[in-house]
Amino acid sequence: MTTTHFKDVDWIVAWDQDRQSHCYLKGGDLAFAGNEITFVGPDYDGQSDNVVDGAGICLIPGLVNIHSHPCTEVLYRGIREDHSVREHHMTGLYERSCSYAADNDDKKFGAEVSYADLMLSGVTTLVDVTFPYPGWVEVMEKSGLRMYAAPGFNSAQWQRHNHHELHFAEDLAKGRADFEASLEFIDALGAHPSDRLSGIVSPFQIENNTPELLTESYAAAQDRGIPWTTHAAQAVIEFNIMVQRHGITPIQFLAELGVLGPGTIIAHAIFIDESSWIQWHSKTDLKLLGDSHTAVAHCPTPFMRYGAIMEDFGRYKDAGVVLGIGTDTIPHNLIEDMRSAAVLARIASKDGQVATTSDVFHAATIGGASALMRDDIGRLAVGAKADMVALDLNNPIMMPVRDPIVSLIHHAAERAVKDVYIDGRQVIRDHQVLTLDRPGAAARLADAQARMEAGVPERDFLGRSSQEIAPLSLPMAFPSNE
Ligand SMILES: [Zn+2]
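First residue of the sequence shown? That's 3 in the numbering used here, and the numbers climb one at a time after it.
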């Protein structure tokens, strides 16, 4: 087993177990042997095979991203950023999902680009919520990421026949077959020789699954001791559908089913009863989430583009909700999402002391680890996995280095991420991805996107083209170019 010693590191963000807080250590050492951290503190004097000079770097724990769709979302670059449907209370999710579909064979290239982008922004643990596709396991394995694969299933699919309604095409047999296949996938992943790959049980959306599938899948996760995740309270339209079906909010419905609790991750729980977009008569959703220690995957970027925000991070935290952060869509940059989470919470609460830098950094590390029921990731401490990021303090955008985490989150973002280690293995060196072919995979995206857009008129209920649904941000200069 190889021991690596980071010597005289300018700054280390070390975990203080007693205070349950990250803290700064200046001029300290960190050592790891194999895939485990064996020393954090001043003056390591043990054996070492490699010594790394810690001058000019800050070591932070690898970031934990608890919600993302890496294989498909990158194909929407240039399509989704301005796309919003007013008849759907601004979300563009349903229109895109009904009118666009990525080719299965292209998804591994999307995943390769996204995994690379995530590691370049300091992510070392990733929850990947995806309908399984050929090559998924191979690209996860190749990446070097600590992966939580969440193979999705649904017993119904969204359909549109007009601008304002959402219909459901039910296929209970397919829902059950896909659920069972997802358990087989998860069990096979658990037996994989690399212990970096594991699974999460994932009914994709609350409104697209029968109550039986929700409870049975939750029981399957409990039996295996693994997390369970679903999308809920992610749109006003979904809130209204759940109320029409059951007379209660999506969160209340999940509570009644008995599926809230530690190990449950709700994406995104923004449209709760008290939200200003909802104004429902009850005020229990936050308490249900907090009292049960349910985790919420907070993914501010896609919602803020629609004009919607969580109201607010500080109140969720105070209620006891386990807050983690996810990128969900593009850009896959968890550091920018930490910044957005902090800024939007202050706007929502009109309080500049809500969602401090420390709060959002905690959410992206310890919060995510708790959501995944782990106490050995998201922290630099003896016994934790050697998942860590070296920030470049010599980058002028980090200077003056008075408070490196503030410089990282509010200023530099991924530009400061120099080296990344996962499970003791270096996956990023000097801003370069060692494990994946990022440029090669990115070069495939244009064709993949063109294939996806070519299929739009056939799928769209009005037969529109992708250009009609999501026009370019600027007109073409000469009509002949169109
Ligand atoms: Zn999602």
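Backbone N, C-alpha and C fix where the C-beta goes; we use that ideal spot for every residue, glycine too. None of the values given here were measured: they were computed from a predicted structure.
Item                                                                                                                               : Value
Distance cut-off 7 angstroms: ASP339 Cβ against heavy atoms of ligand 1                                                            : no
Contact test: ASP130 Cβ vs ligand 1 heavy atom, cutoff 7 angstroms                                                                 : no
Simplified DSSP assignment, three categories, for GLU338                                                                           : helix
Local conformation of CYS100 per DSSP, three classes                                                                               : helix
ALA310: CB within 7 angstroms of a non-hydrogen atom of ligand 1                                                                   : no
HIS71 beta carbon near ligand 1 (any heavy atom closer than 7 angstroms)                                                           : yes
Alpha carbon of ALA371 to alpha carbon of LEU325, nearest angstrom                                                                 : 10 angstroms
Bridge partner(s) assigned by DSSP for GLU38                                                                                       : ALA35, LYS387
Any non-hydrogen atom of ligand 1 within 7 angstroms of ALA269 CB                                                                  : yes
Exposed unless 16 or more other CB atoms sit within 10 angstroms - verdict on GLU209                                               : buried
Residues bridged to ASP421 (per DSSP)                                                                                              : ALA392
Cut-off 6 angstroms between Cβ atoms - residues of its own chain near THR266, not counting five sequence neighbours on either side : TRP230, THR296
N-terminal and C-terminal residue of the beta strand (DSSP E) that GLN246 is part of                                               : Premise fails: GLN246 lies in the alpha helix (DSSP H), 238-248, not in any beta strand (DSSP E).
Cβ-Cβ distance between ASP180 and TYR150 below 8 angstroms                                                                         : no
Member of ILE68, VAL356, PRO477 whose CA lies at the smallest distance from the CA of ILE379                                       : ILE68
Beta-carbon proximity check, THR437 vs SER70, cutoff 8 angstroms                                                                   : no
Validate contact between the segment 105-114 and the segment 168-183 using beta carbons, cut 8 angstroms, 3 pairs                  : no
Reference PRO134, options THR127, GLU218, ASN156, closest by Cα                                                                    : ASN156
With 16 other Cβ atoms within 10 Å as the buried cut-off, status of HIS169                                                         : exposed
Candidates PRO63, HIS165, ALA357, VAL422: closest to LYS319 by CA position                                                         : ALA357
Beta-carbon gap between THR126 and PRO153 smaller than 8 angstroms                                                                 : no
Inter-residue spacing [alpha-carbon to alpha-carbon] between PHE315 and GLY227                                                     : 28 angstroms
Extent of the continuous alpha helix (DSSP H) to which TRP160 belongs                                                              : Per DSSP, TRP160 belongs to no alpha helix (DSSP H); it is in the beta strand (DSSP E), 158-161.
ALA175 in three-state terms, based on DSSP                                                                                         : helix
Cβ-heavy atom distance, TYR85 to ligand 1, below 7 angstroms                                                                       : First, the amino acid is wrong: residue 85 is His here, not Tyr. For ligand 1, not one heavy atom lies less than 7 angstroms from the Cβ of HIS85.
Endpoints, the beta strand (DSSP E) within which TYR150 is located                                                                 : 148-155
Below-8 angstroms beta-carbon distance, TRP13 vs any chain C residue                                                               : Of the protein chains in the structure, only one exists, and it is not chain C.
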